[in-house]
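These protein sequence lines map, in sequence, to chains A and B.
Heads up: the first sequence runs through residues 5 to 176, numbered per this note's numbering.
Heads up: the second sequence runs through residues 92 to 271, numbered per this note's numbering.
All C-beta atoms in this analysis are idealised placements derived from N, C-alpha and C, irrespective of residue type, glycine included.
Single-structure report; data block below.
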Amino acid sequence: MKESFNFLRRQAEDTYIECYGVDFEDFDVGQVFEHRPGRTFEEGDCHKHALQSLDLTPHLVDRNYARAVRGEKMQVAETYLLSMMAMTTKTFGKVVANLSLTDVVLQPVYAGDTILLESEILGKRESASRPDQGILHVRTRAHNQHGDEVCRFERKFLVYRKGHGPYRAAGY
Amino acid sequence: MTRESETGDMMFPAYVPVGKDRYRERFGLDFEDFRAGQHFRHRPGYTITQQDNIDDCMDTLNQAMLHYDARYAAQTEFSSPLMVTTAMIQRLIGMTWKTFNRRKAIIRWDHITMKAPIFAGDTLYSESRIMDTSQCDDAQCGKVTIMTYGINQKDIVFCEMQYDSLIYRKESLPFSENNY
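Right, here's the structure in full:
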């Protein structure tokens with residue numbers, strides 16, 4: 005196991021502080037991380053999401069319409085499904101900022117479904133302009149409770165290199 | 092329902108007449124109305140807050156503290172909590188709903204590029220350019236390839252994303268029979 009695959013750092017005898025997020029140096033191309041826990045979408049989640057997104061498309065906010073036109077279960081909005089990218093943040097906790105997402109492919113997900121995510125490291129390189137950071141290239145997939153792939157995308161983002169970032173100064 | 096104004100012709104009804112002096116709100120364009128090169132400025136805008144940032148993080152199991160630990164965020168290059176990417180994407184797509192109200196589904200994004208950071212208090216506006224229209228497997232719909240831009244109060248384009256949306260064809264729109 006790499007050093008940053010541990011989650012407790014001893015600060016004093018019998019005193020530990022939680023840490024998470026793998027250091028840039030400890031990622032290798034080909035590694036796959038299975039993110040846990042999964043997440044179940046409730047119908048209320050889907051409705052609340054549409055409203056707070058300002059999205060008044062009828063199948064997202066009117067259950068009566070949705071059931072008449074789209075079937076018994078409310079569908080999870082595409083942007084809401086994509087937002088579950090955040091479930092990768094335990095492994096990618098040392099993120100500085102996202103740069104891009106590409107090749108985002110989605111299948112329908114419905115209220116009551118549960119998704120699990122996993123991420124594969126496709127590439128990494130040091131940032132030329134930001135010496136304390138590196139760029140990770142990752143493919144993340146989401147599967148539903150039946151094992152079907154329901155979302156897939158590639159993502160590039162900046163991650164702090166080992167020993168950098170404001171962790172110690174900020175109480176991390 | 093068209094009239095001249097100082098800034099140009101009014102186009103595309105927001106209502107469908109359903110009786111004498113009775114109008115039902117019906118926003119959106121049919122697939123047949125879209126063509127490459129059209130550019131839509133969506134309104135209203137939205138001033139995003141730190142509470143939005145926190146709510147989105149808690150809802151999505153987000154453990155990246157740069158979004159909600161202000162002490163940590165103060166010591167990053169951004170100096171204050173960075174807005175979650177997907178919280179902005181949700182709203183940029185959401186704010187397009189009037190023009191794209193006849194959307195059946197978004198089937199894929201070609202790319203989403205983040206070009207500048209956004210913070211609490213910034214105001215987000217969404218604009219969309221139609222890149223292409225084409226046939227698709229779904230007989231009810233056509234495929235519209237859209238580039239949506241996120242623009243802040245300083246006219247900085249902070250996000251750009253291209254995606255394919257299925258929009259109902261005029262004869263397949265399931266609105267009238269469902270009281271829409």
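Those residues which DSSP pairs with residue i across a bridge
i	result
V36 of chain A	A:E124
H141 of chain A	A:G127 and A:K160
N148 of chain A	A:I119
R115 of chain B	B:V107
A101 of chain A	A:L162
K234 of chain B	B:S225 and B:L257
Q79 of chain A	A:Y114
F122 of chain B	None; F122 of chain B has no bridge partner.
G241 of chain B	B:S217 and B:C250
R199 of chain B	A:V109 and B:D255
A16 of chain A	A:T19
E46 of chain A	Its beta-bridge partners do not exist; DSSP assigns none.
Y273 of chain B	This structure gives no information on residue 273 of chain B, because the portion of chain B shown stretches from 92 to 271.
C155 of chain A	A:L110 and A:A146
D146 of chain B	D146 of chain B is not bridged to any residue.
Closest Cα partner of residue i within the set the options
i	options	result
F9 of chain A	A:T19, A:A16, A:Q15 and A:E29	A:E29
T92 of chain A	A:I139, A:G42 and A:V65	A:G42
V113 of chain A	A:V142, A:S104, A:Q149 and A:R129	A:Q149
I145 of chain B	B:P108, B:C232, B:R182 and B:A211	B:A211
M174 of chain B	B:G136, B:L183, B:P104 and B:P208	B:P208
A90 of chain A	B:T167, B:L157 and B:N192	B:L157
L121 of chain A	A:D152, A:R71, A:E46 and A:G34	A:D152
N269 of chain B	A:V73, A:E82 and A:L140	A:V73
Y128 of chain A	A:I119, A:I139, A:K52 and A:P135	As written in the sequence, residue 128 of chain A is Lys, which differs from the Tyr given in the question. It is A:I139 whose Cα lies nearest to the Cα of K128 of chain A.
I119 of chain A	B:D121, B:T98, B:L152 and B:P108	B:L152
D117 of chain A	A:L105, A:L103, A:T95 and A:G48	A:G48
Q244 of chain B	B:Y106, B:A155, B:L215 and B:R220	B:L215
F249 of chain B	B:K111, B:S217, B:V107 and B:Q166	B:S217
G97 of chain A	B:R126, B:V109, B:A127 and B:D160	B:D160
Q111 of chain A	A:Q15, A:H141, A:R14 and A:F157	A:F157
H53 of chain A	B:R126, B:D201, B:Q181 and B:I203	B:Q181
R145 of chain A	A:V99, A:K6, A:V108 and A:R172	A:V108
K123 of chain B	B:K261, B:D201 and B:A155	In the sequence as presented, Lys is not what sits at residue 123 of chain B; that position holds Glu. The option with the nearest alpha carbon to E123 of chain B is B:K261.
N3 of chain A	A:D18, A:E82, A:R159 and A:H39	Beyond the ends of chain A as shown, which are 5 and 176, falls residue 3 of chain A; an answer cannot be given.
M238 of chain B	B:M179, B:Q231, B:D229 and B:I203	B:I203
R126 of chain B	B:G241, B:I242, B:Q226 and B:S263	B:Q226
C232 of chain B	B:D150, B:Y240, B:D255 and B:E251	B:D255
W200 of chain B	B:Q141, B:D121 and B:I184	B:I184
F103 of chain B	B:Y240, B:E251, B:N192 and B:M179	B:N192
E46 of chain A	A:Y84, A:H39 and A:R143	A:Y84
Y271 of chain B	A:A174, A:A70 and A:K166	A:A70
H147 of chain A	A:H39, A:D18, A:E7 and A:A16	A:H39
E82 of chain A	A:S57, A:E76 and A:T95	A:S57
G136 of chain B	B:L264, B:P265, B:A230 and B:Y240	B:Y240
A196 of chain B	A:H141, A:M5 and A:M78	A:M78
K166 of chain A	A:R14, A:Y20 and A:E130	A:E130
Integer Cβ distance of residue i from residue j, believed to fall under 8 Å
i	j	result
V235 of chain B	I258 of chain B	5 Å
C23 of chain A	Y176 of chain A	7 Å
A115 of chain A	V80 of chain A	7 Å
P135 of chain A	Q166 of chain B	That pair is no contact at about 17 Å.
C155 of chain A	L86 of chain A	7 Å
Buried versus exposed call for residue i [16 or more other C-beta atoms within 10 Å across all chains shown]
i	result
R162 of chain B	exposed
D246 of chain B	exposed
F31 of chain A	buried
P172 of chain B	buried
D213 of chain B	buried
M205 of chain B	buried
H130 of chain B	exposed
V36 of chain A	exposed
L12 of chain A	exposed
S123 of chain A	buried
Q137 of chain A	buried
D100 of chain B	exposed
T93 of chain B	Summary for T93 of chain B: the model assigns pLDDT 46, below 50, so the residue's position carries little reliability; its value from the coordinates is reported in the next sentence. Flag for T93 of chain B reads exposed.
V33 of chain A	exposed
V26 of chain A	buried
D228 of chain B	exposed
T138 of chain B	exposed
A178 of chain B	buried
I242 of chain B	buried
M88 of chain A	buried
P108 of chain B	exposed
L55 of chain A	exposed
G128 of chain B	exposed
D147 of chain B	buried
D18 of chain A	exposed
Proximity test, Cβ basis, 7 Å: residue i and chain D
i	result
L58 of chain A	In summary, chain D is missing from the structure at hand, where the protein chains are A and B.
Three-pair Cβ contact test at 8 Å for the segment 55-69 of chain A versus the segment 174-191 of chain B | Counting Cβ pairs under 8 Å, three or more are found: they touch.
Counting pairs of beta carbons, one from the segment 104-121 of chain B and one from the segment 218-227 of chain B, are three or more of them closer than 8 Å?
-> Taking one beta carbon from each stretch, the segment 104-121 of chain B and the segment 218-227 of chain B have fewer than 3 pairs nearer than 8 Å; the two do not touch.
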